[in-house]
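Below is one structure; the comments refer to it alone.
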Amino acid sequence: MKNKSFLGLLLFSCICLTAIAQETTKPIKAIYVNADQNILFDKLIDFVQNNEYFILSLDKQAGFIQAQKPVEIKKVFKPNERRTLNFVIRPINENLSQITLNIRCEEKHWGGSESGHVYYYDDKGVSQNSDLYQNIWDELKSALVPYQQVIFTTVTTPAPTKALPAETTLNSLPKAFLKDGFPLLVERCRTVLASAYMTQKLLSEHTDIPGWEGYPVKLYEYYTGKDIKKGVAKRGLVYLLNPSAEQLATWIATTCWEVKQSTDTTYLYKLAEFIKRQSGAQFPVQGVVYEDMYTKNFYEPYIFKDGVTVYVADSTKMPTDKHCTDEQLEFYLHMTNADLKPNTGRYARICSTNRTQYYKNGGKTDVGDNDEHRNQSWLNVVRQLYQLAWLSDRNELMIAWAKEQL
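Counted the way mature numbering (1 follows the signal peptide of the UniProt record, and there is no 0) counts, the sequence shown spans residues -21 to -1, 1 to 385.
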């Protein structure tokens, strides 16, 4: 009997610990999508109806949708629930909107007497179960096609105005600069992009790269100059998502305005020149980047993923003579995080942003540090921030660098 009691207590403890573990992870309560508010409102209505939710309230002007349905919970000791989804759609700019979600849960219980059983719902308040929110976002993702979910964020309190992705837009800059200075900056950015040595031969364009679904990622083949040790040019393959001259100029202008409240060419051209030297505004989504960083005309391969240098775990996948085979080049295009060593490089394209700068700019995700603990979470953060920048006038990675260096 004592053994049974002990086992029962142990089982109960395990259940409780599992529940606590689920609750300690902050739920993702907001996403950004590259569509305007009206389009998303209609998409969300279709979503809740197709998933058999009963619509309780609609307010298109406010972007509010409330929908509810009973849910059967197939777990031991867990009562069935009634869930209420509260969506709010907020426009960020004409091409970007934020969807926030709060899920209210009510547990179904039975009561009454032997002659008449009744049930009632016990309000448990707003759920903080991260798995519950993630399931909704996963279901919603397919309903939003062809629009892209740009970035996930954990929202616990209302974000300050300054934290909104498009708080500084190109149109918020001085009109005199937009008329005279911005066209000159665009031309300067064309020279930056002209230094992009990997954009030699476009092989194909893809919108289905894992983690980059919906983005126009381009596959390029390129050759280095004649390598002083091999005596021949080296072939590279790389997926790139490079900005246009106008997009790059917009990021530079809004960065200088936000950080320095200035559109002086001292800042604009310094930032443009730095990007030219560091990356040529090339953002490697995945593949090999050859550079003669330490010895002129000795081209060494650096493997990139999500805009960051990574290190392949299997040493046989790296060339001993610094000259990648065709098989190795293909491997780099399809590798996953599981193929990599735990640590990554320090810097993020296209502005060599590091982890310390990310933290100083308000970054909350634990991405390690710039020394011995450079964990892979940095890849996810860089990917998400660059994707968000792609659809807005601001580049948070660029701003983080500029706050320290400009």
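The beta-carbon is built from N, C-alpha and C at its ideal position, and this holds for glycine as well. What you are looking at is a predicted structure, and each value in this text was computed from that prediction instead of being measured.
The beta carbon of Y365 is closer than 7 Å to those of F262, G286, L376 in its chain, skipping five residues each way along the sequence. Under the three-state reduction of DSSP output, E31 falls in the coil class, being neither helix nor strand. Of all alpha-carbon atoms in C330, E351, T288, E383, the one lying nearest the alpha-carbon of A368 is that of C330. In this structure, the alpha-carbon of L23 lies about 38 Å from that of T323. Here E85 is buried. Its C-beta has 16 or more other C-beta atoms within 10 Å. Within the same chain, G286, V287, V361, L376 come within 6 Å of A327 by CB-CB distance, once the 5 residues on both sides are set aside.
In the DSSP assignment, N322 falls within the beta strand (DSSP E) that extends over 319 to 327.
Annotated three-state conformation of Y278 is coil, per DSSP. Judged by their CB atoms, Q265 and F253 are not nearer to each other than the 9 Å cut-off.
Shown here for L149: same chain residues with a beta carbon closer than 8 Å to its own, the five before and five after excluded, namely L157, F161, T229, A232, T233, D372 in chain order. Spanning the alpha carbons of L219 and D305 requires a straight line of approximately 18 Å. In the three-state scheme derived from DSSP, where H, G and I count as helix and E and B as strand, Q179 is classed as coil. Counting only residues of its own chain and dropping the five nearest sequence neighbours on each side, T186 has a CB closer than 6 Å to the CB of G193. DSSP links K205 through a beta bridge to A212. Looking at K87, Q240, L198, T203, the one whose alpha-carbon comes closest to that of E184 is L198. Excluding residues up to 5 positions away in sequence, Y202, T203, G204, K205, D206 lie with their Cβ nearer than 8 Å to the Cβ of A212 in the same chain. By the criterion of a C-beta distance shorter than 8 Å, A379 is surrounded in its chain by T332, Q336, Y337, K339, N340, G342, once the five residues flanking it on both sides are discounted.
Scanning its chain for C-beta atoms nearer than 6 Å, with the 5 sequence neighbours on each side dropped, one finds around G347 the residues R353, N354, in chain order.
Following the DSSP letters along the chain, one finds Y11 inside the beta strand (DSSP E) bounded by residues 9 to 12. Considering only Y112, W357, V124, the residue with the shortest C-alpha distance to F66 is Y112. Between the C-alpha atoms of N30 and V50 there is a straight-line separation of about 12 Å. DSSP, reduced to helix, strand and coil, places L198 within a strand of the structure shown.
For I44, the uninterrupted beta strand (DSSP E) segment begins and ends at 43 to 50. Spanning the alpha carbons of G190 and V12 requires a straight line of approximately 15 Å. Cα atoms of A175 and E309: separation of roughly 21 Å, rounded to the nearest angstrom. By the neighbour-count criterion, in which 16 or more other beta carbons inside 10 Å mark a residue as buried, I34 falls on the exposed side. Comparing alpha-carbon positions, the option among E60, L312, A122, S223 lying closest to V105 turns out to be E60.
When only Cα atoms are considered, L182 and W357 end up about 29 Å apart. DSSP, read as helix, strand or coil, puts H88 in strand.
Of all alpha-carbon atoms in N359, V27, P6, the one lying nearest the alpha-carbon of N108 is that of P6. Membership of T288 in the beta strand (DSSP E) is indicated by the continuous run 287 to 291. Going by beta carbons, V165 and L385 fall outside the 9 Å limit.
Under DSSP, F66 shares a beta bridge with I44, L80.
Taking C-alpha positions only, L163 is separated from R325 by approximately 32 Å. Boundaries of the alpha helix (DSSP H) around P162: 161 to 173.
When rounded, the separation of the alpha-carbon atoms in Y248 and R256 is 12 Å.
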